[in-house]
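So the protein lines, in turn, are chains A and S. For what it's worth, the numbering used here labels the leading residue of the first sequence as 1, then goes sequentially. For what it's worth, the numbering used here labels the leading residue of the second sequence as 1001, then goes sequentially. For every residue, glycine included, the Cβ atom is placed at its ideal position computed from N, Cα and C. Every value quoted in this text rests on a predicted model; they were computed, and no experiment measured them.
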Amino acid sequence: MATEHAGNVQQALTPSGYIEHHLAFNAQSLGEGAFWTLHVDTFVMSVALGLIVMGLVWLVARKATSGVPTKGQAFVELVFGFIDDQVKNIFHGNRHAFIAPTALTVFLWVLVLNSMDFLPVDWVAGIVAFFGGHHATWRAVPTSDINTTFALALAVWLLMLFFSIKVKGLFGWIHELFAAPFGTPKLFVPKSVMGFIGLIASPLLFLANFAFNLIEYISKPLSHALRLFGNMYAGEVIFLLLGMWAASGVAWILPSAILGAGWSIFHILIVALQAFIFMMLTVVYLAMAHESH
Amino acid sequence: MNINFTLIAQALAFATLIWFTVKFVWPPLLKAIETRQKDIADGLAAAADGRNALEAAAKKSEVTLAEAKQKASEIIAQAEKRGTQIIEEAKGNAKVEGDRIIAGAKAEIEQEVNRAKEGLRAQVSTLAIAGAEKILRKEIDAKAHSELLAKLAAEL
């Protein structure tokens, strides 16, 4: 055990050791089996950031005045108006009851979670090493943990099912599973050729509709979660590669710093864009759940 | 790529955040913004009303001014008419008066003429008598004719 420990310390100086160290979660086992593990870093970061950002917005909203707003309120209202406009264009119902606030939560939360990518990875590691020892690992970007993106995507997916059933009724929803998007033939037209064809074709159409809907219901959360995860994970890996490059020799510090700055600036776009896309998809999925075919 | 309990924990955090936003963050912001929108809309409507009222007042004052002008010109025209009427009347009166004075004068003149004629007639008869006397005095004896003359005088 002691030799292995020493080997790890030695390995931390190699490129693969560096990347492995930065991509390892601070995992705590809660029980038997691999599933009962909690990524403390992901959870603490996301909850803390969620509390901070929504708390700040709440502090402003609590004292919101309809008169001349303070600069803080004006900024929050800017975000509010931006989200509200987006939702208004997609969802034509009472958006203020649930969907618009949800969109605001998703956008702001994902935005701050993504923004953790701007923290220099080695500074985070240094701080964590100061408190937790040399082997403590800490992933600062919760959205580069697939658990986070799937948690959000599956929550949206469940909301989608909930609203589908709530709006159309359980039987309406089941009917739609088999009847949309290809429709159903006119079944009971006696003594007509088309009616006969419809009778033959209907089970096939039911199957096709159901298969189509099944694929849609599976692909929605997958693409929703993996798009965000992929972008943020890739962004983090590029920062790690640049950091590794800087560590490979004194001469490489300056070019890697320049490239790191460039990638950071470009990453601002990705961070904001991915948060926006994630929010828009959330709104689109929830709006689609409200629509009957 | 290890799915584990973190997913459930994150989903619960997400649900809590959504609940918090739906309950505490969104409504006050919406209320403030909608109230302000309403205030602004009301203000704009009031401004538009004011503008309309101003326009109406300007139009009304224009109409009143035009009416006043028309009335003034009417009054002036009427006064002019009245003036000419008075002048005409005065002219007529003067003419009548003049005619009357002329007629009076004419009558007086005629009277004078008549009186002169009468006088003259009397004087002519006196002269005739005086002439005749002179003639008769030469030819006729006064005594002889005194009887006659006395008779004549008695007849006169």
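> Thinking just about the alpha-carbon of each residue, which of A:Ala251, A:Asn26, A:Phe266 is nearest to the one in Ala125 (chain A)?
Replying inline: Numbered from 1 along the first sequence, position 125 holds the residue referred to as residue 125 (chain A). Here the closest residue by C-alpha is A:Asn26.
> Nearest to Leu211 (chain A) by CA position, among A:Leu199, A:Ser292, A:Phe182, A:Thr42, is which residue?
Replying inline: Counting from one through the first sequence, the residue named residue 211 (chain A) turns up at place 211. With the sequence shown as reference, residue 211 (chain A) is identified as Ala, and Leu is not the correct amino acid for it. Residue A:Phe182 is the option with its Cα nearest to Ala211 (chain A).
> In the structure shown, what three-state DSSP assignment does His39 (chain A) receive?
Replying inline: The count along the first sequence starts at 1 and reaches residue 39 (chain A) at position 39. In this structure, His39 (chain A) counts as strand in the three-state DSSP scheme.
> So who's on the other strand from Gln28 (chain A), going by DSSP bridges?
Replying inline: Here the question's residue 28 (chain A) lines up with position 28 in the first sequence. According to DSSP, Gln28 (chain A) bridges with A:Leu38.
>> Can you check which of these residues, A:Tyr217, A:Val112, A:His92, is closest to Val47 (chain A) by C-alpha distance?
In response: Within the first sequence, the letter at position 47 stands for residue 47 (chain A). Among A:Tyr217, A:Val112, A:His92, the Cα nearest to that of Val47 (chain A) is on A:Val112.
>> Does any residue of chain D have a CB that is nearer than 7 Å to the CB of Ala1009 (chain S)?
In response: Absent from the structure is chain D; the protein chains it does hold are A and S.
>> Quick check: what's the CA-CA separation for Ile270 (chain A) versus Asn231 (chain A)?
In response: For this step, residue 270 (chain A) is matched to residue 270 along the first sequence. For this step, residue 231 (chain A) is matched to residue 231 along the first sequence. Each residue's Cα considered, the two are about 8 Å apart.
> Ends of the alpha helix (DSSP H) at Asn294 (chain A)?
Replying inline: Residue 294 (chain A) cannot be examined here, being either before or after the span of chain A that is shown, 1 to 293.
> Using 7 Å as the limit for Cβ to Cβ distance, is Trp1026 (chain S) near chain A?
Replying inline: Here residue 1026 (chain S) refers to the residue found at position 26 when the second sequence is read from its first residue. So yes, Trp1026 (chain S) belongs to the interface.
> Quick check: the region 126 to 142 of chain A against the region 249 to 261 of chain A, are there 3 or more CB pairs under 8 Å?
Replying inline: no
> Looking at the C-beta of Leu1044 (chain S), does it have a partner C-beta in chain A at a distance below 7 Å?
Replying inline: Along the second sequence, read from residue 1 onward, the residue named residue 1044 (chain S) stands at position 44. Leu1044 (chain S) does not count as touching chain A.
> DSSP state of Asp117 (chain A), grouped into three classes?
Replying inline: Numbered from its first residue, the first sequence carries residue 117 (chain A) at position 117. In this structure, Asp117 (chain A) counts as helix in the three-state DSSP scheme.
> What are the boundary residues of the alpha helix (DSSP H) that includes Glu291 (chain A)?
Replying inline: Start at 1 with the first residue of the first sequence, and residue 291 (chain A) comes out as number 291. Where Glu291 (chain A) is concerned, there is no enclosing alpha helix (DSSP H), given that its DSSP letter is neither H nor E.
>> Can you pull the chain S neighbours of Met54 (chain A), defined as C-beta to C-beta under 7 Å?
In response: Translated into the one-based positions of the first sequence, residue 54 (chain A) becomes position 54. Correct list: Leu1017, Phe1020, Thr1021, Val1025.
>> Just to check my reading of the structure: Val87 (chain A) and Ala64 (chain A) have Cβ atoms closer than 8 Å, yes? What is that Cβ distance to the nearest angstrom?
In response: Residue numbering aside, residue 87 (chain A) sits at position 87 when the first sequence is read from its first letter. Residue numbering aside, residue 64 (chain A) sits at position 64 when the first sequence is read from its first letter. Not confirmed; about 19 Å, so no contact.
>> Measuring alpha carbon to alpha carbon, tell me which residue in A:His92, A:Tyr18, A:Phe107 is nearest Val76 (chain A).
In response: Along the first sequence, one-based indexing puts residue 76 (chain A) at 76. For Val76 (chain A), the nearest C-alpha among the options comes from A:Phe107.
>> Measuring straight from C-alpha to C-alpha, what distance separates Thr1016 (chain S) and Ile52 (chain A)?
In response: Looking up residue 1016 (chain S) in the second sequence gives position 16. Looking up residue 52 (chain A) in the first sequence gives position 52. Approximately 14 Å, taken between the alpha carbons.
>> Counting C-beta neighbours from all protein chains within 10 Å, is the total for Arg95 (chain A) 16 or more, i.e. buried, or is it exposed?
In response: Mapped onto the first sequence, residue 95 (chain A) falls at position 95. Answer is buried; the Cβ neighbour count reaches 16.
> If you count every other CB in all the chains shown that lies within 10 Å of the CB of Ala1094 (chain S), and 16 or more means buried, which is it?
Replying inline: Numbered from its first residue, the second sequence carries residue 1094 (chain S) at position 94. It counts as exposed.
> Using Cβ-Cβ distances below 7 Å, what residues of the region 69 to 81 of chain A are close to chain S?
Replying inline: Val76, Glu77, Phe80
> Just how far apart, CA to CA, sit Gly17 (chain A) and Ser248 (chain A)?
Replying inline: Within the first sequence, residue 17 (chain A) is the residue found at index 17, counting from 1. Within the first sequence, residue 248 (chain A) is the residue found at index 248, counting from 1. C-alpha separation (whole angstroms): 13 Å.
> Would you call Glu32 (chain A) buried or exposed, if buried means 16 or more other Cβ atoms sit within 10 Å of its Cβ?
Replying inline: Residue 32 (chain A) sits at position 32 when you count from the first residue of the first sequence. Its Cβ having fewer than 16 others within 10 Å, Glu32 (chain A) is exposed.
> Is there contact between the region 1022 to 1035 of chain S and the region 58 to 74 of chain A, where contact requires at least three CB pairs shorter than 8 Å?
Replying inline: yes
> Any Cβ of chain A within less than 7 Å of the Cβ of Asn1004 (chain S)?
Replying inline: The sequence position of residue 1004 (chain S) within the second sequence is 4, counting from 1. Closer than 7 Å: yes.
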